[in-house]
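Here is the structure we will look at, set down as structure tokens.
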Amino acid sequence: MIELENVAYGYGAKGDAPLLRDLSLTLAPGSFHFLTGPSGAGKTTFLKLCYGALKPTQGQLRLFGDDVAAMPRDGIALVRRRIGVVHQDCKFLDHLPVIDNIALPLTVSGQVMEDQQGNLDDLLTWVGLGARAHAFPPELSGGERQRAALARALILSPEVILADEPTGNVDWEMSQRLLHLLIALNGMGKTVMIATHDLMLIRAAKAQVQARVLRLSGGVLQAAGADL
Amino acid sequence: MIELENVAYGYGAKGDAPLLRDLSLTLAPGSFHFLTGPSGAGKTTFLKLCYGALKPTQGQLRLFGDDVAAMPRDGIALVRRRIGVVHQDCKFLDHLPVIDNIALPLTVSGQVMEDQQGNLDDLLTWVGLGARAHAFPPELSGGERQRAALARALILSPEVILADEPTGNVDWEMSQRLLHLLIALNGMGKTVMIATHDLMLIRAAKAQVQARVLRLSGGVLQAAGADL
Amino acid sequence: MNALSALRPDPGADRVVPPSGFTARLVVFTAAAMAFLAVFTLALALAAGRLAEEWDSALARSATLRISAPEEQMPEQTRTALTLLQQTPGVESARALRDEEQRALLEPWFGPDLPVADLPVPRLIEIEETRDGFDPDGLRLRLQAEVPGAVLDTHDRWRRPLIEAAGRLRLLGWVAIALIGAVTAAMVTLAARAALAANAQVIAVLRLVGATDAYIAGAFVRRFTLRTLTGAAVGTGLGALAVALLPSGGEAGGFLTDLRFAGWHWVLPVLFPPLAALVAWAATRSAARRVLSGLS
Amino acid sequence: MNALSALRPDPGADRVVPPSGFTARLVVFTAAAMAFLAVFTLALALAAGRLAEEWDSALARSATLRISAPEEQMPEQTRTALTLLQQTPGVESARALRDEEQRALLEPWFGPDLPVADLPVPRLIEIEETRDGFDPDGLRLRLQAEVPGAVLDTHDRWRRPLIEAAGRLRLLGWVAIALIGAVTAAMVTLAARAALAANAQVIAVLRLVGATDAYIAGAFVRRFTLRTLTGAAVGTGLGALAVALLPSGGEAGGFLTDLRFAGWHWVLPVLFPPLAALVAWAATRSAARRVLSGLS
Ligand SMILES: Nc1ncnc2c1ncn2[C@@H]1O[C@H](COP(=O)(O)OP(=O)(O)OP(=O)(O)O)[C@@H](O)[C@H]1O
Ligand SMILES: Nc1ncnc2c1ncn2[C@@H]1O[C@H](COP(=O)(O)OP(=O)(O)OP(=O)(O)O)[C@@H](O)[C@H]1O
Ligand SMILES: [Mg+2]
Ligand SMILES: [Mg+2]
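Chains as they are written, first to last, in the numbering used here: chain R, 1 to 228; chain C, 229 to 456; chain F, 457 to 752; chain H, 753 to 1048.
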């Protein structure tokens, strides 16, 4: 699905050493990964590489078999429909109600929302937003935004789910619930990668699913210590 | 400092029962409070009441002795200079570098940035943003944004500090460090209130400071259970 | 996407771009105001043009030949002159004025009782030119030889400056219309780019959920094209109405007192809205492409 | 905040509002283009006005008295008429034309050899009016009684329509300038409101850190006022330059062939930029107040 070979990435401005280097990893179909590391280590940057928002400055990155370096912009748009992303800052279209925001991937890929109504309702219930479906994004609480972002990431039934700190603003029970949803989706064959600081979440997940924990530190990717 | 008497608040649209009701609380100078509760319980709404962004629909709310109901808009602007707020969504002016964003409360209150340069540098070092001072907000990682928001809240040496989920996006070490900063400020007589889901953070704090833990649930404020 | 498909609505894509009240109103208003100004300027230019043409044809196409000769040679010289004129290319018709006509012309100077017949007044011959006109210098030479007492007066020096001025006014009008068009195009482009820049975050969200550039650009282009079309149609309509309601100025003047469109000229303002929409389409499309390839 | 303080920079407040490239350019460009158009329209209106006045004073202030009488009564009647005219209020001077002058007037019709002295041609008296003019009907009545052979010709009916047309053109010009001014004001207002709406988040951030409404409004108002001033100054400068560089049109016509400003008229375009800035200031200020009290 997603294959990195000696990938490096640096934000131009910094000049000298790249932020990330020597990244080699294959996200196999059906795998479950956690990505952790201190604030500013490059977790979000790593995920951005994985969904084609950034292109490696070195090395090779293949999404569904295609090299991103050679991919036209529209190609990346199409790839994004196969990867559901929960962004750390959860941006929405503030002029559309939550339900339309969640259905946005359907809209822009030309699918009719009505056909997916059942799917949409199920998702809203799962993330506990049934009652807030017709509110506008600025009227949501922090945790509600994160849950809406998760629902939006899942609406197209993507093959890969990349979640960046999906539980940073929700309480423990809700985070358990969202984790169960992701584990269930993984059980249906989806590839899942979660970037998080929440070590308790990782521990809880490892009790339920075969998950690999990766740690970004000093710009390189390592397997996490035995405590996780 | 901040006194609530039977305050209720409801977002107009919801119609029926108010989101929050029967809130009575006094944040005495030098006190340390935690506010917890499930996602969507109204923690952010409660803090917004405390810094005058929302006005109670019922009851009386006094900020530094003045009733907010009777306060003109400019009065609220002045009150805000005495209350440092870390917002959950940490919004910045994207066209100004981090350092200018952190100094923004100085700028809008007509103070000269140079006079506070030492203060500013100390703060940047404390929150670990010394190296990123001249980056622009969109170039920050999630955790860096939260730390910048905390620095901005503290720049005017406010008497009250309200922090909404200030550690949702930072790792454990960093969250301990930020907690120490807040505890140190509390030691200097500042009033602190932190809204958080992070029970581990609350536990860590209770070991170091005399903190009261409040829980919002079902729209009312309760003292938290013995486990905290 | 071509210009026409920009008018076909796409409810999905149209909703994802925020309504942006004031930019919308700004574009509609700009298009309307500029179209209104353009219609008025057009009316002025056309009226000036009509005037120049009228004067030109009324004056330049008529000339007067004045024959002063001793009484006895008069009939002979008049006849020679008429024959010569009839043979001159560019002369439509030539005719000696009757006594009453000459008297009417002289009345302002001499009063009604002038005995024209008894006076040594010159004989006046009125010449109508064809479209192409005759060559006055050639005619003068020939007259000099055959009708010594004849003086050709082509009226030119009297009203030529007026005709020139009307022509200049018309030119000024067309230049102003071109200017208004260019200004409108620039304003729509800038408004479109401002709207795209203001919606950078919307564009980012759309990109993240897998929208293609064509989809995003389409939503903006459609909106701006439609708004410009609407605005220009309203402005043109109001302008045309105002022009049509202008007082006709009566018979007297004729000069600029009747700004109203005549005949097929009504077609010209009708062309404004589609032209404006086309300009807006092209401007927004290139703006959208530039902005979209600029935002990563 | 008053209009002048809107021009005093406040480096802090000016930085907190994002530069917003395209809205800025849009405002500067709009102001410039509208000022340019306005300068041209002004030049046209002033030229039309000059023309109307010139014609009016040249024509309406002169009249002709024509006396037809038997040869022997002529000197007597002429003298009576002149005396009478000198006593008429509103008549500046009156003077009988000399024979050569009458011959020159008649030449176009009769050729140069006309023996004016031997003909029963009427005597022409040229009348110059004062500024206020005389009462033609009253004069006619008195003449009828004392100089039976006199006919008063005030030239009115010949050129009145032309003067009227020039006056109309001038009116049209002023209406167009008022329209351009109103359109500019509306555009600046809409652009300001669009910018305020696009910056809702910036405003929210500023509020959260304790900025007062006056501070936020000031930053926007200052910016729009300055931009409008700059744009209008550039547009006015270019327009005035273009008008000054227009060909003078030579001596011949005088009618609209010389659009250039004359004398103190140069002051008028210089007023445009400050006027535009004042309009922008008022428009942005009310827009900012409305938006700021709208956003909670
Ligand atoms: N667009 C950008 N331009 C320049 N530097 C950037 C940009 N985006 C991120 N950075 C920097 O790169 C580093 C890694 O950022 P990233 O967002 O990947 O961190 P992260 O691991 O997700 O951190 P967090 O846990 O705080 O979200 C940070 O120091 C950040 O400031
Ligand atoms: N502007 C608004 N208009 C209408 N409803 C709102 C608005 N803001 C918040 N709400 C609703 O009020 C409830 C409480 O929101 P609030 O942000 O206070 O929750 P919270 O306790 O901070 O939650 P979280 O832990 O997820 O941040 C939520 O259900 C939210 O959807
Ligand atoms: Mg991150
Ligand atoms: Mg909250």
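Where a beta carbon is used, it is the ideal one built from N, C-alpha and C, also for glycine.
Output needed for residue i: all residues of its chain with C-beta closer than 8 angstroms, excluding positions within five of it in sequence on either side, in chain order.
{"i": "residue 36 (chain R)", "result": "43, 195, 196, 197, 199, 202, 213, 214, 215, 216, 224 and 228"}
{"i": "residue 28 (chain R)", "result": "1 and 191"}
{"i": "residue 211 (chain R)", "result": "32, 33, 34, 202 and 205"}
Can you name the residues of chain H whose CB is closer than 7 angstroms to the CB of residue i?
{"i": "residue 479 (chain F)", "result": "946"}
Between which two residues does the beta strand (DSSP E) containing residue i stretch?
{"i": "residue 41 (chain R)", "result": "Here residue 41 (chain R) belongs to no beta strand (DSSP E), and DSSP marks it neither H nor E."}
{"i": "residue 902 (chain H)", "result": "902-905"}
{"i": "residue 881 (chain H)", "result": "875-881"}
{"i": "residue 951 (chain H)", "result": "Segment: none, residue 951 (chain H) is in no beta strand (DSSP E) and carries neither H nor E."}
{"i": "residue 975 (chain H)", "result": "That residue, residue 975 (chain H), is in no beta strand (DSSP E); its alpha helix (DSSP H) goes 965-997."}
{"i": "residue 422 (chain C)", "result": "419-423"}
Looking at residue j and residue i, is the spacing between their C-beta atoms short of 8 angstroms?
{"i": "residue 312 (chain C)", "j": "residue 384 (chain C)", "result": "yes"}
{"i": "residue 628 (chain F)", "j": "residue 743 (chain F)", "result": "no"}
{"i": "residue 17 (chain R)", "j": "residue 57 (chain R)", "result": "no"}
{"i": "residue 321 (chain C)", "j": "residue 768 (chain H)", "result": "yes"}
{"i": "residue 981 (chain H)", "j": "residue 643 (chain F)", "result": "no"}
{"i": "residue 233 (chain C)", "j": "residue 287 (chain C)", "result": "yes"}
{"i": "residue 956 (chain H)", "j": "residue 654 (chain F)", "result": "no"}
Does the CB of residue i have a neighbour CB from chain C at under 8 angstroms?
{"i": "residue 57 (chain R)", "result": "no"}
{"i": "residue 173 (chain R)", "result": "yes"}
{"i": "residue 979 (chain H)", "result": "no"}
{"i": "residue 767 (chain H)", "result": "yes"}
{"i": "residue 956 (chain H)", "result": "yes"}
{"i": "residue 9 (chain R)", "result": "no"}
Can you tell me where the alpha helix (DSSP H) with residue i in it begins and where it stops?
{"i": "residue 254 (chain C)", "result": "Unbroken run through residue 254 (chain C) is the beta strand (DSSP E), 248-255; no alpha helix (DSSP H)."}
{"i": "residue 749 (chain F)", "result": "723-750"}
{"i": "residue 399 (chain C)", "result": "Neither: residue 399 (chain C) is in no alpha helix (DSSP H) and is coded neither H nor E."}
{"i": "residue 540 (chain F)", "result": "530-543"}
Chain F partners of residue i, CB-CB under 9 angstroms?
{"i": "residue 781 (chain H)", "result": "639, 642, 643 and 646"}
{"i": "residue 229 (chain R)", "result": "Residue 229 (chain R) lies beyond the range of chain R shown here (1 to 228); nothing can be said about it."}
To which residues of the same chain is residue i closer than 7 angstroms at the C-beta, ignoring the five residues directly before and after it?
{"i": "residue 765 (chain H)", "result": "967, 970 and 971"}
{"i": "residue 138 (chain R)", "result": "94"}
{"i": "residue 464 (chain F)", "result": "none"}
{"i": "residue 888 (chain H)", "result": "904 and 906"}
Using the beta-carbon of each residue, which ones in chain R are nearer than 7 angstroms to residue i?
{"i": "residue 419 (chain C)", "result": "Simply none; closest approach about 23 angstroms."}
At a Cβ threshold of 8 angstroms, is residue i touching chain H?
{"i": "residue 387 (chain C)", "result": "no"}
{"i": "residue 732 (chain F)", "result": "no"}
{"i": "residue 709 (chain F)", "result": "Any reading at residue 709 (chain F) must be qualified, since the residue scores a pLDDT of 45, below 50, and its modelled position is unreliable; the value itself is stated next. Yes, its Cβ sits closer than 8 angstroms to a Cβ of chain H."}
{"i": "residue 696 (chain F)", "result": "no"}
Give every residue of the same chain whose Cβ lies closer than 6 angstroms to the Cβ of residue i, excluding the five residues on either side of it in the sequence, and list them in chain order.
{"i": "residue 606 (chain F)", "result": "521, 523, 537 and 599"}
{"i": "residue 519 (chain F)", "result": "583 and 610"}
{"i": "residue 379 (chain C)", "result": "330, 351 and 355"}
{"i": "residue 38 (chain R)", "result": "none"}
{"i": "residue 99 (chain R)", "result": "133"}
Would you say residue i faces chain F, with C-beta separation under 8 angstroms as the test?
{"i": "residue 137 (chain R)", "result": "no"}
{"i": "residue 717 (chain H)", "result": "Residue 717 (chain H) lies beyond the range of chain H shown here (753 to 1048); nothing can be said about it."}
With 8 angstroms set as the bound, which would you pick, yes or no: does the beta-carbon of residue i sit closer than that to a beta-carbon of chain R?
{"i": "residue 313 (chain C)", "result": "no"}
{"i": "residue 328 (chain C)", "result": "no"}
{"i": "residue 729 (chain F)", "result": "no"}
{"i": "residue 475 (chain F)", "result": "yes"}
{"i": "residue 468 (chain F)", "result": "yes"}
Which chain H residues sit within Cβ distance under 8 angstroms of residue i?
{"i": "residue 724 (chain F)", "result": "Simply none; closest approach about 19 angstroms."}
Can you find a C-beta in chain D that's less than 8 angstroms from the C-beta of residue i?
{"i": "residue 64 (chain R)", "result": "The structure shown contains no chain D; the protein chains it does contain are R, C, F and H."}
Is any heavy atom in ligand 6 found nearer than 7 angstroms to the beta carbon of residue i?
{"i": "residue 316 (chain C)", "result": "Ligand 6 is absent from the structure shown, which contains only ligand 1, ligand 2, ligand 3 and ligand 4."}
Report the neighbours of residue i on chain C: residues whose CB is nearer than 8 angstroms to its CB, in chain order.
{"i": "residue 170 (chain R)", "result": "267 and 425"}
List, in chain order, every chain F residue whose beta-carbon is nearer than 7 angstroms to that of residue i.
{"i": "residue 73 (chain R)", "result": "669"}
Given that residue i touches chain R, what residues does it touch there, using C-beta distances under 9 angstroms?
{"i": "residue 369 (chain C)", "result": "39, 40, 41, 42, 43, 44, 45 and 88"}
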